[in-house]
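Protein chains in written order, with this note's numbering: chain A, 73 to 223; chain B, 73 to 223.
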């Protein structure tokens, strides 16, 4: 199947430097503020986004060097298929983040609690709305089992 | 900024033919079943995914010919910036779907209520878990206003 090509529409400006990531430290995004710089040529696409309290960011995890089909998440002691985890070591390293939109200032979006390093390319921004499934019917496999063990 | 290249990890098999899409009819996914065919070389990445009741699919909307920064969604009578909508006419046409995972059969995932046409390339599969924000604190801008008008 054909290769797919994308061009970043913006970039993450965050307090997490690439060095932080490469030393293997875990990013703790709580109470941090990041800025999404949308490139000026895409600014018209942001119209009315300020009405949303949360947005979805799809970013390219540009520091991922190679993927693995089986990974051990930091939150578990055993391995799982990469598609059953949020590991960055995916065949197509796209991250999905739901973040609070604090303020829109021209082509800059100020957001809370994002866990991406400074310089991460942004592929897409979408309005967030709660997913269809009633949260009480959601099963989260190994994540659930892991959480129950910890309690 | 550099171009980003991805290779599909699978393909959507659905009852919606590309012709359906090109004639401008709206896809009504309710009560339909689609299958995600994960290419055999990525099958090991699916291990433990059957424990999740819902999964997130990121797909490449391959029928999108050109993007627009300002669009009028079918669900509204006025225009909005494309990043404040889920329109497919995005600079990087990546779709985000949360779907129910009915069954895993080898490298085939049977899912419910997906609104993508047959042949859509799949970029990534992630486990779904409820997003951090408490749904009651979510504001959904023009979508909310539109819904209130309809009531």
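Cβ atoms here follow ideal geometry from the backbone N, Cα and C, with glycine treated the same way. The model shown is predicted, which means the values in this text are computed figures rather than measured ones.
- Compare the C-alpha of residue 144(A) against each of 198(A), 169(A), 215(A), 84(A) and name the closest. 215(A)
- Query: Since residue 85(A) is in the beta strand (DSSP E), which residue starts that stretch and which ends it?
  - Reply: 82 to 85
- Bridge-paired residues (DSSP) for residue 182(A): 107(A), 175(A)
- Item | Three-state secondary structure assigned by DSSP to residue 202(B) | coil
- Task: For residue 134(B), I'd like the list of residues in its chain whose CB is within less than 7 Å of its CB, leaving aside the five on either flank, ordered along the chain.
- Result: 192, 193
- Message: Can you list, in chain order, the residues of its chain with a C-beta nearer than 8 Å to that of residue 102(B)? Leave out the 5 residues immediately preceding and following it.
- Response: 185
- Query: Applying a beta-carbon distance threshold of less than 8 Å, which residues of chain B neighbour residue 101(A)?
  - Reply: The premise fails here: residue 101(A) is roughly 10 Å from chain B at the closest Cβ pair, so nothing lies under 8 Å.
- Message: Please report the distance separating the alpha-carbon of residue 197(B) from that of residue 129(B).
- Response: 5 Å
- Message: Buried or exposed, going by whether 16 or more other CB atoms sit within 10 Å of the CB of residue 178(A)?
- Response: exposed
- Contact between the segment 116 to 132 of chain B and the segment 81 to 88 of chain A (3+ Cβ pairs under 8 Å): no
- Every unbroken alpha helix (DSSP H) within the segment 107 to 139 of chain A, with a cutoff of 4 residues, ordered by chain: none
- Message: Short of 6 Å in beta carbon distance, which residues of its chain neighbour residue 165(A), apart from the five on each side in sequence? Order them along the chain.
- Response: 133, 136
- Query: Can you tell me whether residue 163(A) is buried or exposed, with buried defined as 16 or more other CB within 10 angstroms of its CB?
  - Reply: buried
- Query: Start and end of the alpha helix (DSSP H) containing residue 219(B)?
  - Reply: 213 to 222
- Message: Against chain D, does residue 118(A) count as a neighbour if the rule is that its beta carbon must be under 8 Å from one of theirs?
- Response: The structure shown has no chain D; the protein chains it does contain are A and B.
- Query: Taking 8 Å as the CB-CB cut-off, is residue 132(B) touching chain A?
  - Reply: yes
- chain B contact for residue 126(A) (CB, 8 Å cutoff): yes
- What residues in the segment 184 to 211 of chain B have a beta carbon less than 8 Å from any beta carbon of chain A? 185, 193, 195, 196, 197, 198, 199, 200, 201, 202, 203, 204, 205, 207, 209, 210, 211
- Is any beta-carbon of chain A found at less than 8 Å from that of residue 142(B)? yes
- Message: Between residue 155(B) and chain A, is the shortest Cβ-Cβ distance under 8 Å, so that the two count as touching?
- Response: yes
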